[in-house]
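Residue numbers (UniProt numbering): 1 to 124.
Printed below as a string of structure tokens:
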């Protein structure tokens, strides 16, 4: 689907990726959805596809979300990264934002949070 913004879901939990895909599909926002099961795969896809938005888990095999965030400036500098994690303590959130995330959504999340985060990321 050329011309549509790409949204990349990077999470090692296939259930979370499926829920995110369903929630995003229900928003009515026209997007091309891609997914990756670990940080290494996510970084490779980000470099190849240059997604508009990325949802990124922090704790994954091969490369952590923080490692991916650190590399995104050179791999896909225009991608707006939204961290999604069950670790939503203030120091973790601050660390993710300092590493380049534009926002943070805690797990478990509400579908309205995801929809609002996607809209905000696409608008910025």
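For glycine and all other residues, C-beta sits at the position ideal for the given N, C-alpha and C.
Close beta carbons around residue i, own chain, < 8 Å, minus the five adjacent residues each side
{"i": "residue 126", "result": "Since the first and last residues shown for the chain are 1 and 124, residue 126 lies out of range."}
{"i": "residue 51", "result": "5, 6, 7, 8, 34, 45, 76 and 79"}
{"i": "residue 107", "result": "16, 84, 85, 86 and 88"}
Under 8 Å between C-beta atoms of residue i and residue j
{"i": "residue 63", "j": "residue 35", "result": "no"}
{"i": "residue 87", "j": "residue 58", "result": "yes"}
{"i": "residue 114", "j": "residue 23", "result": "yes"}
{"i": "residue 99", "j": "residue 53", "result": "no"}
{"i": "residue 104", "j": "residue 96", "result": "yes"}
Under the three-state DSSP convention, the category residue i falls into
{"i": "residue 70", "result": "helix"}
{"i": "residue 65", "result": "helix"}
{"i": "residue 98", "result": "helix"}
Close beta carbons around residue i, own chain, < 6 Å, minus the five adjacent residues each side
{"i": "residue 38", "result": "12, 60, 61 and 62"}
{"i": "residue 1", "result": "Legend: pLDDT at residue 1 = 47, less than 50; position of this residue unreliable, no value from coordinates given."}
{"i": "residue 93", "result": "104"}
Residue span of the beta strand (DSSP E) that contains residue i, given as start and end
{"i": "residue 15", "result": "Run containing residue 15: none in the beta strand (DSSP E); it sits in the alpha helix (DSSP H), 14-26."}
{"i": "residue 29", "result": "No beta strand (DSSP E) contains residue 29, which DSSP labels as neither H nor E."}
{"i": "residue 54", "result": "53-56"}
{"i": "residue 4", "result": "Looking at the DSSP string, residue 4 is not in any beta strand (DSSP E), and its letter there is neither H nor E."}
{"i": "residue 85", "result": "80-85"}
Where the alpha helix (DSSP H) containing residue i begins and where it ends
{"i": "residue 122", "result": "111-123"}
{"i": "residue 45", "result": "39-49"}
Close-in-space but distant-in-sequence residues of the same chain around residue i (CB under 7 Å, 5 per side omitted)
{"i": "residue 30", "result": "4"}
{"i": "residue 43", "result": "63, 68, 71 and 75"}
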